[in-house]
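Using this note's numbering, you'd call the opening residue of the sequence shown number 222 and step up by one each time.
Virtual Cβ for every residue (Gly too), placed ideally from N, Cα, C.
A short worksheet on the structure shown next.
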Amino acid sequence: MGRVVFIGAGPGAADLITVRGAQRLATAQVVLYDALTDPALRALAPQAQWLDVGKRGYRDSTGQARINALLVEQAQRHALVARLKGGDPSIFGRLEEELLALRAAGIESEVVPGVTAAMAAAAATQRPLTRRGRGRNVSLSTAMTRAGTLRASRSADTEVFYMAGQALAALSQRLLDAGWPGGEAVSVVSAAGTAEERASVHRVDTLAEATVLHAGRPTVVIVGAGAAVLDEVETARDDALDVAQVSVETPRP
């Protein structure tokens, strides 16, 4: 009986995989990979058999039950099976279903984290997801459910919506309905972390303008504090306040 290692491949580019992920991948005999993983990663495991089990566009290319069965089947034949998932395995990657399938079959597993698309989008646009004093929490959500229902919320200072590229205009209205001001900042990044990356900045009430640029692409929408432009004046003021506070609290010799 072999084991399965779940590897976060990162949001796109092959060099965004972690060192541990690359090391585990290099020793695998079989790799079950997602649709958005970089083909260049094959160079890290040229000896392995690569099986495409990707899903795209809310349609199953390979059903989840079939993926679960393949994982068990391959682990019963090989010492190490790599399950290569785009982004981070635990962020909208159906990791739970696959872990449960392996556990039911008595197969050991390991999870190697990866860079999720929200972090790649924030890095690409140099807009930190958290901000001191005004961006203390972040919520990650899927904009579109499996049933095709579009959802939006205002539960955190920064809201990140995955799988939003097909309905940006409708998402704008959902955000307004959820209580976001029309002038709130929105950052949209598609194909984050790849050579085809695109980024644009909007407001909640002008989000529909992003449709032409990002439609049909894997898209992340960031709303709120994490989408705002860097405020150098406010940052300088906060730094001055911190220094003043330290000088007050530190006793003189």
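Item, Value
"Assumed close pair residue 444, residue 407 - CB separation to whole angstroms, cut-off 8 Å", "5 Å"
"Neighbourhood of residue 434 by C-beta distance below 7 Å, restricted to the same chain and skipping five residues each side", "419, 421"
"Through-space distance from residue 342 to residue 473, alpha-carbon basis", "The pLDDT assigned to residue 473 is 49, lower than 50, so where the model puts this residue is not dependable; a value taken from the coordinates is nonetheless given after this. Cα-Cα distance, rounded: 46 Å."
"Cβ-based burial, residue 440 [other Cβ within 10 Å; buried from 16]", "buried"
"Per-residue DSSP class, three states only, for residue 370", "coil"
"Beta-carbon separation (whole angstroms), residue 229 vs residue 306, contact threshold 8 Å", "6 Å"
"Alpha helix (DSSP H) segment containing residue 319, residue limits", "316–325"
"Own chain, CB closer than 7 Å to residue 248, minus 5 neighbours either side, in chain order", "301"
"Proximal residues to residue 296 (C-beta, below 8 Å), its chain only, five neighbours per side dropped", "222, 223, 224, 225, 302, 323, 326, 328"
"Three-pair Cβ contact test at 8 Å for the stretch 348–366 versus the stretch 248–268", "no"
"First and last residue of the uninterrupted alpha helix (DSSP H) at residue 288", "285–296"
"Local Cβ density within 10 Å of residue 454, reported as buried at 16 or more and exposed below that", "Any answer about residue 454 is weak, because its pLDDT of 44 lies below 50 and its placement is not dependable; what the coordinates show is given next. The residue in question, residue 454, is exposed, as its Cβ has fewer than 16 Cβ neighbours within 10 Å."
"Alpha-carbon spacing of residue 293 relative to residue 244, whole angstroms", "22 Å"
"Outcome for residue 335 when other beta-carbon atoms lying within 10 angstroms are tallied against a minimum of 16", "buried"
"Cα-Cα separation, residue 378 to residue 298", "48 Å"
"Exposed unless 16 or more other CB atoms sit within 10 angstroms - verdict on residue 387", "buried"
"Residue burial classification, residue 380 (beta-carbon count within 10 angstroms, cutoff 16)", "buried"
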